[in-house]
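Chemist:
Residue numbers (this note's numbering), protein chains in the order written: chain A, 3 to 305; chain B, 240 to 633.
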C-alpha cells in the first residue's frame, strides 16, 4: 500500500498540499482526481522525492520511502519528455539500467514492450523521428521497462487518440491485474469510471472525497429505481407506508423512491415483490463527474 | 551511487561523441595542431636550392667546405662551373646564380651590409671566411689533421642562471598555445555541459531521471562524463602533435615539453571543475536552447577576461592586474600558467593559487548543486539565480 499521511507543501504563500492523506491499496488501479492546481502533480512528485514535503510522511508497504525504494517505482510525468536525439532502444535501456536493471535485462524488456506496442521496427530510430502518438507509447514503456511495483502516471490519457486511450487503458488494467499498484490522475472522468475501482478527489491540496467508485456514484440520499410489471405501479403509491421513503417523480415507466433516514432497501424490495413481479431493481447512479463537481463545489463553499 | 554515476557519465560520453558537431570540432583541432607542427618543416623544405657559380678551379678541401655549408644555411647549395667572370656577372644579374666564387673574391649582385640576414648574404659571408681560412691554412703548411683541430675548436660553454631569451620565448610560445587551448577547452566543454543541461530540462526528460536519481548525481555524472571526453580529446590532440613531430622531423616541439603539457592538463582540470559547475547551474536556469547565449554570458565573462589579459604577458611583462587575476579562482587557471611562462613565480604563490582554485571549485560545485536542484524542474520563463537559490532553500 502507498500511503501519504498529512503531507504538506508550501511554495511561499501558496499551499500546494495541505495535510493530504491518501491510501492506495496494493494491486489496484486508483484514480487521482482534482481540478487544475489542486496539487495532484505536487503530490506525485513527493512520492519520488522530486519535491520535498514540508511536513507529513510517505510510505510504501508500511516503510518510509527512501532512495532505495524509488528504482522499483515507475513514473509518467505530466510533461512528457525523453531524449529527442537518442535512439529509442538506447534510451529505454539507459532508463532501465538507471533503475537497477542489467544491460541485457533492460534491453530484452524494452524490446518486449516495444514489440507489444507495435514499435519493434523503430527501436533503432531516434525518438524525434517518431510520430507524436508513437513517442507517447515509448514514454509509457519508459515508465514500465524496469517492472515497477508502483506505477504513478500524471494524466496518462491526455493527448492520446482513441486507439492510444484503448492501449493505455488495457496496459494499466493488465498491470494492476499483475499485482502492480497503479495511481493515475486524469480529467477524463468517464475513463476513470471505466478503469478504476477506487478514486480520491483532492482540492486545494486537501483530500475531499475518497472511496470505491461503486459507492461514490450512489445518489445521496440514495434513490431506488424499481420497475414492476403492473399498470400504474410506477407512481410508487405502493411504497407510501414504508418508513423513511419519499416517492419521487417516476421515470421511464419505473418508480423512483428516495431513501431517507430509517429507510430500509430490503423492506422496499419486499414490498415491491409483494405488490407484483419485479423486473428492475437498482440504485440510481450518479455520474462520477457529478460526484467530482459536487465535491469540488462543496469545498469551495466551505472554504 | 557509483554505478549510477558511471551510467550517467557513460551516456554523456557515448551520446556526445556520436554528435556530428563534436566530431567536426575534434577533427578540426587535430588538423590545426598537426598542421601547426608539420607546416613549418614542409615550408622550409620547399625552398629552392641556391646556385653558386665557380670561376676557375676549386680545391677539394674548399669544395667539401662549400658543400657542408648547406646545413648551416638550411638550403641546398649547387656548385655550377662558369667559364668567365663576365659570364658569371651576367648570370648574377639575371638571378640564375646567387653567389660567384672568383679567384680572390666573392661576387654577389648587391653588396650585403652587416645586418643583412638573407640566405645569399649568409652564404657569401660564410664562403668568404671559409675560403680565406683554407687559403691561409694551406699557405701555413698545416697538415689536414692540424687544420681540422683548429677548425673544430669550439668556444667554452656559457652557463646562464636562467634559460636564454630564445628558450624562454619558445616556452612562452608553447604555453601561449596551451593557454589558447585551455581557454578553448574550458569554454567549449563548459558550453557542452550547459547545452546538455538545457536539453534535459527543455525536453523534460529530467523529471523521469530525477524520479530515480538525485540532482547532484545527475550533475556530477554529466561533469565527469564531459570532463573525461575533454581529457580524451586533449590527449589525442597532444598525442597527434607529438606523433606528427616525430614523423615529419619538425622541431616545433621538443621532448622536454612534456612537463609543460602535463602542467597544462592539471590547470585544465582545476579550471574545468570550477567552470563546468557554473555552466551547469547557468543551464538549469533556462528552459530553451535559444537562451543559452544569455545564460552563459556571466560565466564566460571572467574566462574571457583572464584570456585577454594573458596576452599582455607575452612580452614578458606581468602587470599588477595579472598578478591579482592569477590568484582569483575564476581566472587563476589561465592567468597563473601564463605568469609562470612569462617569468619565474615563487613556488608559494603557485601553491596558494592552486589552493584557492581548489577551494573555489569546491564552492562552485556546491553552489551549482543548490542552484541546479532548485531550478531544474521549474519550467516556463527563465528564472534568476536568486529565485533558484530561494527555491532550493525552501
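We treat Cβ as the ideally placed atom computed from N, Cα and C, and that holds for glycine.
Do you know whose CA, among A:115, A:236, A:70 and A:127, lies nearest residue 89 (chain A)'s CA?
Modeler: Checked all of A:115, A:236, A:70 and A:127; the closest Cα to residue 89 (chain A) is A:127.
Chemist: Could you check whether the Cβ of residue 443 (chain B) sits closer than 7 Å to any Cβ belonging to chain A?
Modeler: Taking Cβ atoms only, chain A reaches closer than 7 Å to residue 443 (chain B), which makes this a yes.
Chemist: Consider the Cβ of residue 509 (chain B): report whether some Cβ of chain A lies at a distance smaller than 7 Å.
Modeler: No, residue 509 (chain B) lies away from the interface with chain A (no Cβ there is under 7 Å from its Cβ).
Chemist: Measure how close the beta-carbons of residue 286 (chain A) and residue 221 (chain A) come, nearest whole angstrom, since I'm counting them as under 8 Å.
Modeler: About 5 Å; that satisfies the 8 Å criterion.
Chemist: For a contact meaning CB atoms closer than 9 Å, what does residue 451 (chain B) contact in chain A?
Modeler: Those are 50, 69, 72, 73, 75, 77, 97, 100, 101, 102 and 148, listed as they occur along chain A.
Chemist: Nearest to residue 206 (chain A) by CA position, among A:42, A:29, A:4 and A:24, is which residue?
Modeler: Among A:42, A:29, A:4 and A:24, the Cα nearest to that of residue 206 (chain A) belongs to A:42.
Chemist: Please confirm whether residue 245 (chain A) has its beta-carbon closer than 7 Å to some beta-carbon of chain B.
Modeler: Chain B, which has no Cβ nearer than 7 Å to the Cβ of residue 245 (chain A), makes this no.
Chemist: Return helix, strand or coil for residue 453 (chain B), following the three-state DSSP convention.
Modeler: Of the three classes helix, strand and coil, the one that applies to residue 453 (chain B) here is coil, per DSSP.
Chemist: What span of residues does the alpha helix (DSSP H) with residue 536 (chain B) cover, start to end?
Modeler: Its alpha helix (DSSP H) spans residues 531-549.
Chemist: For a test of the three-state rule: what should DSSP assign to residue 16 (chain A), helix, strand or coil?
Modeler: Reduced to three states, the DSSP call for residue 16 (chain A) is strand.
Chemist: What is the DSSP secondary structure of residue 101 (chain A), counted as helix, strand or coil?
Modeler: It is coil, neither helix nor strand.
Chemist: With a Cβ-Cβ cutoff of 7 Å, do residue 306 (chain A) and residue 153 (chain A) count as a contact?
Modeler: In this structure chain A extends from 3 to 305, so residue 306 (chain A) is not present and cannot be described.
Chemist: Rounded to whole angstroms, what's the CA-CA distance from residue 271 (chain A) to residue 246 (chain A)? Just pull it up for me.
Modeler: Rounded to whole angstroms, residue 271 (chain A) to residue 246 (chain A) spans 14 Å at the Cα level.
Chemist: Where in the stretch 160-206 of chain A do unbroken runs of the alpha helix (DSSP H), each at least 4 residues long, occur, reported from the N-terminal end onward?
Modeler: With a minimum length of 4 residues, the continuous alpha helix (DSSP H) runs that stay inside the stretch 160-206 of chain A are 164-179 and 191-197.
Chemist: DSSP three-state call for residue 233 (chain A): helix, strand or coil?
Modeler: It is coil, neither helix nor strand.
Chemist: Taking the continuous beta strand (DSSP E) assigned at residue 322 (chain B), which residues delimit it?
Modeler: It is not in any beta strand (DSSP E) - residue 322 (chain B) carries neither H nor E in the DSSP assignment.
Chemist: By Cβ distance below 7 Å, which residues in the same chain neighbour residue 341 (chain B) in space, the five residues on each side in sequence not counted?
Modeler: Same-chain partners within the cutoff: 294 and 324.
Chemist: Under the three-state reduction of DSSP, which class applies to residue 348 (chain B): helix, strand or coil?
Modeler: In this structure, residue 348 (chain B) counts as coil in the three-state DSSP scheme.
Chemist: Any idea what DSSP makes of residue 276 (chain A), helix, strand or coil?
Modeler: Residue state, collapsed to three classes: helix.
Chemist: Using a 10 Å radius around the Cβ and a threshold of 16 neighbouring Cβ atoms, would you call residue 105 (chain A) buried or exposed?
Modeler: When all chains shown are included, residue 105 (chain A) counts as exposed.
Chemist: Cβ of residue 85 (chain A) less than 7 Å from any chain B Cβ?
Modeler: Chain B, which has a Cβ nearer than 7 Å to the Cβ of residue 85 (chain A), makes this yes.
Chemist: Could you please give the first and the last residue of the uninterrupted alpha helix (DSSP H) stretch that includes residue 49 (chain A)?
Modeler: Counting along the chain, the alpha helix (DSSP H) containing residue 49 (chain A) begins and ends at 42-49.
Chemist: So what's residue 383 (chain B) in DSSP terms, helix, strand or just coil?
Modeler: In this structure, residue 383 (chain B) counts as helix in the three-state DSSP scheme.
Chemist: DSSP state of residue 292 (chain A), grouped into three classes?
Modeler: Three-state result, residue 292 (chain A): helix.
Chemist: CB residue 513 (chain B) to CB residue 599 (chain B), shorter than 7 Å?
Modeler: Yes, they are a contact pair.
Chemist: Distance check for residue 178 (chain A) and residue 305 (chain A), CA to CA, integer angstroms please.
Modeler: Low confidence applies to residue 305 (chain A): its pLDDT is 40, below 50, so where it sits in the model is not reliable enough to give any reading.
Chemist: Using alpha carbons as the reference points, say which of A:111, A:157 and A:51 lies closest to residue 79 (chain A).
Modeler: When each option's Cα is compared against that of residue 79 (chain A), the closest is A:157.
Chemist: Run down chain A in chain order and give the residues with a C-beta less than 7 Å from the C-beta of residue 250 (chain B).
Modeler: 96, listed in chain order.
Chemist: Could you give the distance in angstroms between the alpha-carbon of residue 460 (chain B) and the alpha-carbon of residue 471 (chain B)?
Modeler: Between residue 460 (chain B) and residue 471 (chain B), the C-alpha separation is close to 16 Å.
Chemist: Between the beta-carbon of residue 6 (chain A) and the beta-carbon of residue 24 (chain A), is there less than 7 Å?
Modeler: It is a contact, given that the beta carbons lie within the stated cut-off.
Chemist: Against residue 246 (chain B), what residues of chain A qualify as contacts under a CB-to-CB distance less than 9 Å, listed in chain order?
Modeler: Going along chain A in sequence order, the residues near residue 246 (chain B) (Cβ under 9 Å) are 96, 99 and 100.
Chemist: Work out the CA separation of residue 571 (chain B) and residue 593 (chain B) for me, nearest whole Å.
Modeler: When rounded, the distance between both Cα atoms is 8 Å.
Chemist: Measure the C-alpha to C-alpha separation of residue 51 (chain A) and residue 44 (chain A) and round it to an integer number of angstroms.
Modeler: The alpha-carbon atoms of residue 51 (chain A) and residue 44 (chain A) are separated by roughly 10 Å.
Chemist: So which residues of chain A does residue 539 (chain B) contact, with C-beta pairs closer than 7 Å?
Modeler: Those within 7 Å of residue 539 (chain B) in chain A number zero; the least Cβ separation is about 25 Å.
Chemist: Taking only three categories from DSSP, how would you classify residue 254 (chain B)?
Modeler: Looking at residue 254 (chain B) - three-state DSSP - the assignment turns out to be helix.
Chemist: With a Cβ-Cβ cutoff of 7 Å, do residue 607 (chain B) and residue 276 (chain B) count as a contact?
Modeler: No.
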